[in-house]
Structure formats: structure tokens, C-alpha cells
Amino acid sequence: MCQYILEAKKLKKVYGLLSKNEFEALHDINFQVKEGEFVCVMGPSGSGKSTFINNISTIDMPTKGLVYINGVEIKTMSSNEIGRFRYQNLGFIFQDFNLLETHTLYENIAMPLSLAKLDKQEIKVRINEVAKKMNIESLLDKYPYECSGGQKQRAAICRALVNQPKIIIADEPTGNLDSVHSQELLEILKQLNKEQNVTIIMVSHDPMIASYSSRLVYIKDGNIEEELLKGELSQEEYFLRIVEINSAESRILLKHL
Ligand code: ADP
61 MCQYILEAKK
71 LKKVYGLLSK
81 NEFEALHDIN
91 FQVKEGEFVC
101 VMGPSGSGKS
111 TFINNISTID
121 MPTKGLVYIN
131 GVEIKTMSSN
141 EIGRFRYQNL
151 GFIFQDFNLL
161 ETHTLYENIA
171 MPLSLAKLDK
181 QEIKVRINEV
191 AKKMNIESLL
201 DKYPYECSGG
211 QKQRAAICRA
221 LVNQPKIIIA
231 DEPTGNLDSV
241 HSQELLEILK
251 QLNKEQNVTI
261 IMVSHDPMIA
271 SYSSRLVYIK
281 DGNIEEELLK
291 GELSQEEYFL
301 RIVEINSAES
311 RILLKHL
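Under our numbering, think of the first position of the sequence shown as 61, with each following residue one higher.
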């Protein structure tokens, strides 16, 4: 039995391989996540946060190194298997919601179930269940352009939850939201994490958002530069420590200007 729900060993990502513009964005990163953790990845712009999260979640394939999700090394799977595996194990929340404008909210939410070989009735039951939880039952026949930002966000959360994933991957999930809806999303994530033991790995540049996590991973220049556990700290104490880490890094960047 694997000790970690997600593990990366010597993860390396090189863009533009063999071209003149070859660029190593991640340098041999080792990273482990236990089931039920809520990890926030922070770091300056261009430090490799999105590259990192994409490469540990099957969205992109590392140039070198191994990634185990739920005990399975992702490079051992064919692309069809990876597609199915992704929908069975992972839920994604993106900054711009990534809803298809030509599909209703119902169809958007159903997407992760399309590879799950469920019958139509079961799909309907599952969608109604999450839509009820997120309070968008009455909007399921609407198209994204007919909905507000907050409603689209709820639909995106439903899509991430409908396959009951063990891990949620969220890349700047509050990036397009006002403070009320950001708070609401974070409360939902916190509740899923605490009550259903869903593991969350989130990217954010905002210390307030990061203070909802249980562990901070600070990435700089393609390396994990620093980690901080919330442990027994209050959310406020944890927040202040996160601010300190960020401002120390900002001071270093300023010195180089
Ligand atoms: P962050 O999410 O921290 O802003 P990224 O992971 O997007 O950083 O980018 C890390 C580095 O990799 C940056 O220098 C960026 O320019 C480079 N990069 C990202 N994507 C690509 C790509 N598709 N091709 C080439 N370089 C890339």
C-alpha cells in the first residue's frame, strides 16, 4: 500500500526540447502528498507553479521523473487509460472555469462522467445531487453565457465533484472571482477536505487564499524553495507566516531590479 496519494520523484520539465529555446522549468522536484492534505503552491510569476501542477496531474507529461497518483505511475498508462484514470481520480477547477459555451451546465457537469460507462439515469442522479449541493438545480438547462460568474463557478465545482474524485486540482481557482465568491469557494473546498477527506492541491498567489491550506509549498525558479506546515498555528498566524515568506522573496527580487 502506497503511503502517499500523490508522489513525484525527480520531476523534470524541459520546454522546447532540442530547439534553440530549450528551457528547464522544473528541476528534479521531489514532492509527496498524503491523503486528506490541503496543499497550496505559491511562488513568483514564472516560477513554474502551473507547469508543476499540470505535470503532477496528467494534464502534461514530465520530461523526466515519475508521478504516482493513487499508487499508479502515470507513464505506465496509454493515453486512453490516462483519460479514464483522470476522470476517475481527479477533479479540476480552473481560474476561467473552462466551461464549454456551446453546452448547457448539465452537459458541462456530465463531461467527466462520459468515460465512466454509467447509464443515463445514474448520470442524472449524480448531476442532480451535486447541483442541489451547489444550489444550481434550476440552472442546469442554461448555457454558461446566460449565467453569472458565481453561477459558472458553482457549475465548475459541480463538474469537479461529480465523479467523486479523491483529489481536487485547483489552479488559481479564485482568480476571476470577487471576494465574496472567493470566500465561498474556499469554504466549499475546506468542507470537502475536512468532512470527506478529499485531498486538495491548489495554486494561488494570494496569502489569504493560501491560509486555508494545511501546507504551503513555495516554488522558485523551478525548485521547491520552502515548505510550511500549518500544524497548530491559527489561520491568522499561518497567514502572517505566509505573508513573511512572500515578502522576503519580494525583497530579494527588488534587490535585483
Ligand atoms: P507560473 O505558473 O509560476 O507563472 P509557469 O509554470 O507558467 O509559471 O512557467 C514557468 C516557466 O516556464 C516560465 O519561464 C515560462 O515562460 C515557461 N513556460 C511555461 N510554459 C511554456 C511553454 N509551453 N513553452 C515554453 N516555455 C514555457
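Ideal placement from N, C-alpha and C gives every residue a C-beta, glycine not left out.
Each of Y75, A85, S105, G106, S107, G108, K109, S110, T111 has a C-beta closer than 5 Å to some heavy atom of the ligand ADP; these make up the full list, in chain order. For F98 and T259, the gap between their C-alpha atoms comes out near 6 Å. Closest in alpha carbon position to A85, among T111, Y64, T118, is T111.
For N283, DSSP records a beta bridge to K280. Cβ contact annotation for K202 (same chain, cutoff 7 Å, sequence separation greater than five): T164, L165, in chain order. Cβ-Cβ distances below 7 Å link I153 to A216, I217, A220, I228, A230, P233 in the same chain, with the five nearest sequence neighbours on each side left out; the list follows chain order. The Cβ atoms of E161 and Y128 do not sit closer than 7 Å to each other. R311 and S174 have their C-alpha atoms roughly 48 Å apart.
The segment 158-193 contains, as complete alpha helix (DSSP H) runs of 4+ residues, the segments 165-170, 180-193 (chain order). Counting the other Cβ atoms within 10 Å of the Cβ of Q251 gives fewer than 16, which makes it exposed.
For the pair I65 and V93, the CB atoms are nearer than the 7 Å cut-off. Annotation note: the segment 87-143 contains the following uninterrupted beta strand (DSSP E) runs of length 3 or greater, listed N- to C-terminal: 98-102, 124-129.
Our two residues, D266 and M121, have alpha carbons roughly 27 Å apart in a direct line.
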